[in-house]
Amino acid sequence: MFKKILIANRGEIAVRIIRACQELGVATVAIFSDPDRASLHVRHADEAFCVGPGPVGRSYLNIPNIISTALISGADAIHPGYGFLAENARFAEIAQDHGLTFIGPSPAVIASMGDKATAKRIMKAAGVPITPGSDIVASVDEGQKIAEKMGFPVLIKATAGGGGKGMREVHDGRDFATAFATAQAEAEASFKDGRLYIEKLIIAPRHIEVQVIGDNFGSIVHLGERDCSIQKPSHQKLIEEAPAPALDAGVIKKLHATAVAAGRAVKYTNAGTLEFLVSGTDVYFMEMNTRIQVEHPVTEMVYGVDIVQEQIRVAAGEALGLRQKELHPVGHAIEVRINAEDPDAGFAPAAGTLNAVEFPGGPGVRVDTHVVAGAVIPPYYDSMIAKIVVHGRTRAGAIARMDRALGETRIEGVKTTIGFCRDVLRSEEFRRGGVRVEWLKADYMPRRADALGVGAA
Amino acid sequence: MFKKILIANRGEIAVRIIRACQELGVATVAIFSDPDRASLHVRHADEAFCVGPGPVGRSYLNIPNIISTALISGADAIHPGYGFLAENARFAEIAQDHGLTFIGPSPAVIASMGDKATAKRIMKAAGVPITPGSDIVASVDEGQKIAEKMGFPVLIKATAGGGGKGMREVHDGRDFATAFATAQAEAEASFKDGRLYIEKLIIAPRHIEVQVIGDNFGSIVHLGERDCSIQKPSHQKLIEEAPAPALDAGVIKKLHATAVAAGRAVKYTNAGTLEFLVSGTDVYFMEMNTRIQVEHPVTEMVYGVDIVQEQIRVAAGEALGLRQKELHPVGHAIEVRINAEDPDAGFAPAAGTLNAVEFPGGPGVRVDTHVVAGAVIPPYYDSMIAKIVVHGRTRAGAIARMDRALGETRIEGVKTTIGFCRDVLRSEEFRRGGVRVEWLKADYMPRRADALGVGAA
Amino acid sequence: MTDDTIVARVRALAEAFTVSELARLTVKNSDLELELRRSRPYVGASSGAPPPDVAVVLESTNPPGGAGVPKRKPDIVTSDLVGVLRFSRPQVNEGHRLEDDRELAFVEALGIRNPVRSRGPGRVAAVFVSDGQPVEYGQPLFAIER
Amino acid sequence: MTDDTIVARVRALAEAFTVSELARLTVKNSDLELELRRSRPYVGASSGAPPPDVAVVLESTNPPGGAGVPKRKPDIVTSDLVGVLRFSRPQVNEGHRLEDDRELAFVEALGIRNPVRSRGPGRVAAVFVSDGQPVEYGQPLFAIER
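Residue numbers (this note's numbering), protein chains in the order written: chain A, 1 to 457; chain B, 1001 to 1457; chain C, 2001 to 2146; chain D, 3001 to 3146.
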């Protein structure tokens, strides 16, 4: 086991990692930027070094200062958390070059999964289902043939596309030629580049992801799936749960098997997540995240596994202590992200001082945060200030518990997502379970804006 | 289900019960005494009524005011929590007479289990093993015979006894006559009453208790055992855990079966606990507590069951939703009681103002409390200010987690049990598991006092 | 001092007094003079007897004002019980003069009418409650100027 | 103002300045006059270039004291890097007069010696660090009176 780990991150995830280290008996080194001096991660760590001013480029992305901190403090490993340098293969390499263990997969795997095209190619070769897509289509006739073979509906997309320009959904073969011509004309006009390709249209997909963890000896297990379909219009996740509700048992089995097969194919080590779009019984690989994720606690709660501790253990060269046969989810877990932002004003971030901070407690409630009353939310970083996670025997019990927990939560001084998320949890669609990714933006938010009499985001 | 429940209690258990009600969608009425006006249970409840001044006789034991509060607020049930009126059969009866459901067993069961002699007689008749004991022994010869039949070691006790006077341990039959004579002389001298009786001496017992819960239709299940052997010299519990460590599987099975059989014998309804002394593979019934217990969260964490919600459900006439076959403990849970008292001064209670209050968070940590920063600990009530409960996959993991959690806990303004309990958790004996009840007082505390250079408690 | 402050101080002192062995307690400082007397001996909370009555005399000791005489603070009559308040007939209102000690209202609790008395003559300075209202322990009901 | 307060204010202002597009920033109020200048153009944090140097001039604008002239607050030279501090030879000590801009020390980080310069002549008013000490970003190293 490591003697001392440097945590190359801030916020709740830095606190989370320090907790895992403490429980493993490993000393911790925190890094912080000037405005984070009073943050909980600085207080909880054994040592803490200021690595730069507020802007991330000069502090949390300041590779020389971070590596230097690791070296002068005598750390033997670096945990990158999520965001910042977590999926920076170069950083992982530099760390290794300086004799520091990077707690994550190999730089090569980080790099290949970081490039979406490479990742899809590798996954396709490993037999993982990906969204079917063509190369550039030379003519409308060729396009028609490809689309017929792919099966409708399809999406005609401009290679130079963006913002929906030069994009057309086609649900019936008879409409293909017209749609192709319109898309081409629009692409020409918008980008001066009329080249098109065709992709299978995934109808009303849900965002389902599977947690995997592997060791250096070829063992790899999955820790089930998470449903992360409640996303802001910017596609940032807002509410996550495990297991995925209202999902066919066969699909769940397929997701788990696919995730483990994909992990094996890339000889994956450490914790990672395979993100899928799920539509009906169809499953499509989107991307693989080669790091711990914000929403990992819902998995921890249903599997009773400390994923961050496992990350550290396998990085230290221990064999995975988890056996797939012994891993069964118990009950249901939900996470709500408390962000300092105004959901009814397009989730505009709200910097400021937290005049009052009170978090919930009692049975089945977990709070991960780095703030206390009086904390200042600096403008430089993401707006998440806490994660409230609950566990219940049933999904309905977990929803009731989250409603109760959010009712106990009090944040004063900045607008937050608390009330918005509480309302979402109370909606009939969420309670039924299994909403598609677009639901929040396309259905829920306009309805809410109408009810509140405010402009839609 | 009930519409509105009055919580006839204060402190963390009142908050705990309000949380269960909220998750069940039941409205809540809090009662409070003048000095508890700012307590969290008052803030979290839907309604709150002051029922009297600080002294418990005029507030939390003020039956007329409590029943009147229930009636004028339109409550249809009363949850008594623990302590105060929780095991007062008369209160349960009065509540029922006023059309209020008392959330607990029937007044008759409360009364019979509340009288220790009656409880032992009933349990003995039901085949539950109790500490063997004789009636008054007429002569030394009769005593010798009884002792030989019981098997040594035995305890000779004065019927008028107390404080160890007139009490003698006898480990060998040859020493009986002398010990009997000495005890008799001592009892005569101390109490002017030389009558003696003989009890089997339980060697180095552990305090193990079993949680049961029954419904109104004859279903009863157990939720496993808790080890509560870490007790203050006053025999108040300080650290509890589930499951019991270092305990023979056969003994555990016997405890569970005995508890369910005992519950069935008294037609037990609602939640209750059977307390046993365990010595080697021998098990002796001590008493049954006919209420929720302080340490119920360790059971909740390993079984994933909300015991307070179950109490409310069965009291509302629902059939028990728990099947014994589906109830399996997962991992290990430990509870530490944070009391406002000085462990190194005989656990002297410390009233005062909590200048700073910070509780731990993160994975596997549960906090039950009624205090926030600035709270005043009134002198009228027990000194417990919070319970920190942790869950881990293994006992070692749970101990490491508790150590971490206690390290994050900060209470300023009064002395607390935090540091003391942290030291106990770090001791070799606790880590090995299975210490006897007397260990803390007889071994640990003198050793600690020596090390600290302070007088033993 | 606001009325709320007075009520809070009276409550705190009355509580300390109630659990004490004292028969009479007098407190004087710059802005408050307060005397607490038992109307009958304290018999203990656990005996099931009703809590002892506490008579409260409040008097300002501020330097005399424009009128040349100290203005007396009114007595606050509070509820010892949780129940529903009912006015006694004839109903007293603000400004009403009480010739003698009389029953102003009763707190109905568990079917029993518990009288609330004026504890002597005076002028009803304020009525804090309405008929049929639930009241809690210590809740101010009437203010009486002596 | 204590030195700590000055350092904190300088840091906050220097940070705001660094991310701004400004070439020069002057702040004056009752007890502090501060001027920030870039020694070379700001090229952006993500370019991999070292962070821009910031020259700090601190001057008290308190009314003249007994001597009749304002006493200048010293410049605080801080570390831009995390590393191990080594004094340059010959080692400067408190009271040392610097004729010109010179290298006072270097911060050794990742095997590279990063010089710490006096940024002009002056008198070494304080040395806050010792040889071989780990230093963090923004840590005060020397105070120089101009």
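Even glycine gets a Cβ: it sits at the ideal position worked out from N, Cα and C.
Model, not experiment: these values are computed from the prediction.
Could you give the residue range of the beta strand (DSSP E) that holds residue i?
i: A:I202; result: Careful: A:I202 lies outside any beta strand (DSSP E) and carries neither H nor E.
i: C:N2114; result: 2112-2117
i: A:L6; result: 4-7
Who pairs with residue i in a beta bridge, going by DSSP?
i: B:M1384; result: B:N1339
i: B:M1288; result: B:L1274
i: B:T1369; result: B:A1386
i: B:V1154; result: B:V1170, B:K1200
i: A:A231; result: Note on identity: in this sequence residue 231 of chain A is Gln, with Ala being the wrong assignment. According to DSSP, which records beta bridges pairwise, A:Q231 is partnered with A:K237.
Taking all protein chains shown into account, do 16 or more other C-beta atoms lie within 10 angstroms of the C-beta of residue i, making it buried, or fewer, making it exposed?
i: A:M445; result: buried
i: B:S1068; result: buried
i: D:I3112; result: exposed
i: D:Q3139; result: buried
i: B:H1044; result: buried
i: A:K149; result: exposed
i: D:S3047; result: At D:S3047 the pLDDT is 32, less than 50, meaning the model places this residue with poor confidence and gives no usable figure here.
i: A:F217; result: exposed
i: D:Q3091; result: exposed
i: A:D450; result: exposed
i: C:P2134; result: buried
i: D:D3131; result: exposed
i: B:T1353; result: exposed
i: B:I1203; result: exposed
i: D:K3073; result: buried
i: B:E1209; result: buried
i: B:E1428; result: exposed
i: D:P3050; result: Residue placement at D:P3050 cannot be trusted, given a pLDDT of 35 that sits under 50; the coordinates are not used to answer.
i: D:P3121; result: exposed
According to the Cβ coordinates, are residue i and residue j closer than 8 Å?
i: B:I1063; j: B:I1094; result: yes
i: B:V1029; j: B:A1075; result: yes
i: A:A262; j: A:A126; result: yes
i: A:D368; j: A:R16; result: yes
i: A:A242; j: A:T299; result: yes
i: A:I213; j: A:L223; result: yes
i: B:I1110; j: B:Q1311; result: no
i: D:L3141; j: D:V3116; result: yes
i: B:V1389; j: B:E1438; result: no
i: B:K1237; j: B:E1295; result: yes
i: B:I1122; j: B:A1257; result: no
i: A:P329; j: A:A351; result: no
i: B:L1196; j: B:E1169; result: no
i: D:E3103; j: D:R3086; result: no
Which first and last residues belong to the alpha helix (DSSP H) in which residue i is found?
i: B:T1299; result: 1296-1303
i: A:G458; result: Since the first residue of chain A shown is 1 and the last is 457, residue 458 of chain A is not available in this structure.
i: A:V357; result: Careful: A:V357 lies outside any alpha helix (DSSP H), inside the beta strand (DSSP E) at 356-358.
i: A:L459; result: What the structure shows of chain A is the stretch from 1 to 457, and residue 459 of chain A is not part of that stretch, so it cannot be assessed.
i: A:K116; result: 116-125
i: D:V3127; result: Looking at the DSSP string, D:V3127 is not in any alpha helix (DSSP H); the run it does join, the beta strand (DSSP E), is 3122-3127.
i: A:R43; result: 40-44
Legend entry - Residues, ordered as in the chain, of the segment 318-335 of chain A that lie near chain B by beta-carbon distance below 8 Å: V330, G331
Inset, instruction - Give, in chain order, every residue of the segment 1260-1283 of chain B whose Cβ lies closer than 9 Å to some Cβ of chain A. - result: none
Legend entry - Contact list for the segment 1040-1065 of chain B against chain C, Cβ threshold 7 Å: F1049, C1050, V1051, G1052, P1053, G1054, P1055, G1057, R1058, P1064, N1065
Legend entry - Interface positions of the segment 333-365 of chain A facing chain B (Cβ-Cβ less than 9 Å), listed along the chain: E358, F359, P360, G361, G362, P363, G364, V365
Legend entry - Residues of the segment 2068-2102 of chain C with Cβ closer than 9 Å to any Cβ of chain B, in chain order: D2080, L2081, V2082, G2083, V2084
Legend entry - Contact residues within the segment 2116-2141 of chain C, judged by C-beta distance below 8 Å to chain B: P2134, E2136, Y2137, G2138, Q2139
Legend entry - chain D contacts made by the segment 157-189 of chain A, where a contact means CB separation under 8 Å: none
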